[in-house]
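In case it helps, the numbering used here puts the sequence shown at residues 161 to 301.
Cβ atoms here follow ideal geometry from the backbone N, Cα and C, with glycine treated the same way.
The structure presented is a predicted model; accordingly, all values stated were derived computationally and were not measured.
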Amino acid sequence: MQMNVRLTKEQKIEIGSPEDIYSIMQSVLLRESRIGREKEHFWVIGLATSHKISYIELISLGSISAAMVNPLEVFSLAVRKKSPKIILVHNHPSGNLTPSQEDKDITNLITAGGETLTIEVLDHLIISEESYYSFGRNNLL
161 MQMNVRLTKE QKIEIGSPED IYSIMQSVLL RESRIGREKE HFWVIGLATS HKISYIELIS
221 LGSISAAMVN PLEVFSLAVR KKSPKIILVH NHPSGNLTPS QEDKDITNLI TAGGETLTIE
281 VLDHLIISEE SYYSFGRNNL L
């Protein structure tokens, strides 16, 4: 399941921090209906070398507590659009932003795949309606 998120001109900005990512992705999450927000979403943000967003793609829509993520889907658009950097984002509908072991494992798997493809994984954010957790800021990348 793939779905591109349309960006406004203002959102096609240079990403400089996890706060920048969260600001954009919080608005994307809040566009979902209340029922939709009760499911895990997993997005990939592709960046140009300038760190400007080239795309945001929803690659998985899961259940209340999990979203299945296929690394092939994570990298397919990055390869097609020649994006040298990506950021992973997923929500925790429970509001608990602590990364699960599965969150850590998929991050490590995708990061290793990115190294093979020379696509850098800059960060992985877990978001809720109110806050976020950054793997990069917490030295988990």
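Complete beta strand (DSSP E) runs within the segment 171–223 (minimum length 3 residues, chain order): Unbroken beta strand (DSSP E) stretches of 3 residues or longer found wholly inside the segment 171–223: 201–207, 213–221, given in chain order.
Presumed contact (8 Å Cβ cut-off) between L248 and V204, rounded CB distance: The sequence position of residue 248 within the sequence shown is 88, counting from 1. The sequence position of residue 204 within the sequence shown is 44, counting from 1. 6 Å between Cβ atoms; contact.
Residue closest to K237, alpha-carbon to alpha-carbon, out of S214, H250, I175: In the sequence shown, the residue the question calls residue 237 occupies position 77. Reading the sequence as shown, one finds Leu at residue 237 and not Lys. The candidate whose alpha carbon is nearest that of L237 is S214.
Classification of T209 by the beta-carbon crowding that lies within 10 angstroms, buried from 16 upward: By one-based count along the sequence shown, residue 209 stands at place 49. Under this definition T209 is an exposed residue.
Beta-carbon proximity of G176 to H211, cut-off 9 Å: Residue mapping note: residue 176 aligns to position 16 of the sequence shown, counting from 1. Residue mapping note: residue 211 aligns to position 51 of the sequence shown, counting from 1. In terms of Cβ geometry, G176 and H211 form a close pair [threshold 9 Å].
Chain-order list of residues whose beta-carbon lies under 8 Å from that of T271 (same chain, five-residue window excluded): By 1-based counting over the sequence shown, the position of residue 271 is 111. Counting only Cβ-Cβ distances below 8 Å, and skipping sequence neighbours, we find V281, L301.
C-alpha distance - G206 paired with E179, whole-angstrom precision: Position 46 of the sequence shown, counted from the first residue, corresponds to residue 206. Position 19 of the sequence shown, counted from the first residue, corresponds to residue 179. Those two C-alpha atoms are separated by around 17 Å.
Integer Cβ distance of E283 from I181, believed to fall under 8 Å: Within the sequence shown, the letter at position 123 stands for residue 283. Within the sequence shown, the letter at position 21 stands for residue 181. Before going further, note that residue 283 is Asp rather than Glu in the sequence given. With a contact defined as Cβ atoms closer than 8 Å, D283 and I181 qualify at about 7 Å.
For L282, the three-state DSSP class (helix, strand or coil): If you number the sequence shown from 1, residue 282 lands on position 122. Reduced to three states, the DSSP call for L282 is strand.
Beta-carbon spacing of K245, I216 below 9 Å: What you label residue 245 is simply residue 85 of the sequence shown in a count that begins at 1. What you label residue 216 is simply residue 56 of the sequence shown in a count that begins at 1. By the CB criterion at 9 Å, K245 and I216 fall outside the cutoff.
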